[in-house]
Amino acid sequence: MPVIAVTPSWDNDTRRMVVNQDYIMAVLDAGGIPMVIPPMQDEARLIEALDRCDGLLLTGGDDVNPACYGEEKLPCCGELTPERDFAEPVLIRRAIEKGMPILGICRGIEIVNVALGGTLYQDIALQYKDELKHPCYDIPASDAHGMRILPDTLLRRVMGTDACMVNSRHHQSVKALAPGMIINAVAPDGLTEGMEAADGRPILCVQWHPESIQRRLPEHLRLFQWLVREASK
Ligand code: MN
Numbered sequence: 074m075p076v077i078a079v080t081p082s083w084d085n086d087t088r089r090m091v092v093n094q095d096y097i098m099a100v101l102d103a104g105g106i107p108m109v110i111p112p113m114q115d116e117a118r119l120i121e122a123l124d125r126c127d128g129l130l131l132t133g134g135d136d137v138n139p140a141c142y143g144e145e146k147l148p149c150c151g152e153l154t155p156e157r158d159f160a161e162p163v164l165i166r167r168a169i170e171k172g173m174p175i176l177g178i179c180r181g182i183e184i185v186n187v188a189l190g191g192t193l194y195q196d197i198a199l200q201y202k203d204e205l206k207h208p209c210y211d212i213p214a215s216d217a218h219g220m221r222i223l224p225d226t227l228l229r230r231v232m233g234t235d236a237c238m239v240n241s242r243h244h245q246s247v248k249a250l251a252p253g254m255i256i257n258a259v260a261p262d263g264l265t266e267g268m269e270a271a272d273g274r275p276i277l278c279v280q281w282h283p284e285s286i287q288r289r290l291p292e293h294l295r296l297f298q299w300l301v302r303e304a305s306k
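Just so you know, the sequence shown maps onto residues 74 to 306 in our numbering.
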């Protein structure tokens, strides 16, 4: 059974390493074995840990330090986790090197975009538009806003639909897309809700939280099933 590396949150105030159980349940529901890899500050150990896994799931969490994409941190940027900013790009580069599938969720799409040379809006409402409420933390269900899935994309094939409603628990998002990536889903305000590798490598990233709704809405479970299927190859 494929083992899926899961990146946790790392809270220096409470000194706790935390993973929302929804990620764990989604990997289990998809037929994988979730294994949490702590954000170790040691490249060799991160690589050795990831090499024992078959797929990589990058979870949500704090904002990526704007210094990672060459910007100064503005007051509108949120909390940072320097440990994750170090560890996750190491895991991402290693996974890509090995052809290991990557599913990035929320902070996951943000760190993949930054790790591959892209940039982020430090705050959507202040730097892009505020007509659509992307930071919509009080709607845990699937209906924060609609989303269009672009034709001829991996996401379209995996989810089997060209549009759906999604939750939206983010205040940052992709600004400049990283080289080698293409946008696969767009919100009604034009904001990027998903991206994937342009050349067919198994990298799939989404800005919403499929793990929160996959038990009710099977098209979201299919993202995790894709990860586990690719991890079994
Ligand atoms: Mn959104």
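Ideal placement from N, C-alpha and C gives every residue a C-beta, glycine not left out.
Of the residues 98, 174, 86, the one whose Cα lies closest to the Cα of residue 124 is 174. Secondary-structure assignment with DSSP links residue 83 through a beta bridge to 90.
For secondary structure counted as the alpha helix (DSSP H) over 4 or more consecutive residues, the region 184–235 holds these complete runs in sequence order: 197–200, 227–232. Within the DSSP secondary-structure output, residue 76 pairs in a beta bridge with 106. A residue is listed when its beta-carbon falls short of 5 Å from at least one non-hydrogen atom of the ligand MN; in chain order these are 207, 241. Here the C-alpha atom of residue 249 lies approximately 15 Å from the C-alpha atom of residue 270.
When 243, 262, 289, 226 are compared, the shortest CA-CA separation from residue 276 is found for 226. Following the DSSP letters along the chain, one finds residue 163 inside the alpha helix (DSSP H) bounded by residues 155–171. DSSP, read as helix, strand or coil, puts residue 137 in coil.
The shortest C-alpha to C-alpha distance from residue 193 to any of 178, 137, 204 is the one to 137.
In the DSSP assignment, residue 120 falls within the unbroken alpha helix (DSSP H) covering 116–124. When the alpha-carbon of residue 164 is set against those of 145, 133, 126, 153, the nearest one is in 126. Pairing residue 115 with residue 162, the inter-Cα distance amounts to about 12 Å. Under DSSP, residue 267 shares a beta bridge with 258, 279. Counting of Cβ neighbours within 10 angstroms places residue 183 among the buried residues, the total reaching 16 or more.
With a threshold of 16 other beta carbon atoms within 10 Å, residue 196 meets it and is buried. Residue 241 carries a coil assignment under DSSP once its states are collapsed to helix, strand and coil. The beta carbons of residue 172 and residue 251 sit no closer together than 7 Å. The Cβ atoms of residue 77 and residue 134 do not sit closer than 7 Å to each other.
The alpha carbon of residue 186 has as its nearest neighbour, out of 290, 85, 278, the alpha carbon of 278. Beta-carbon to beta-carbon, residue 102 and residue 245 are separated by about 28 Å, too far to satisfy the 8 Å threshold.
If you draw a straight line from the Cα of residue 98 to the Cα of residue 284, it comes to about 8 Å.
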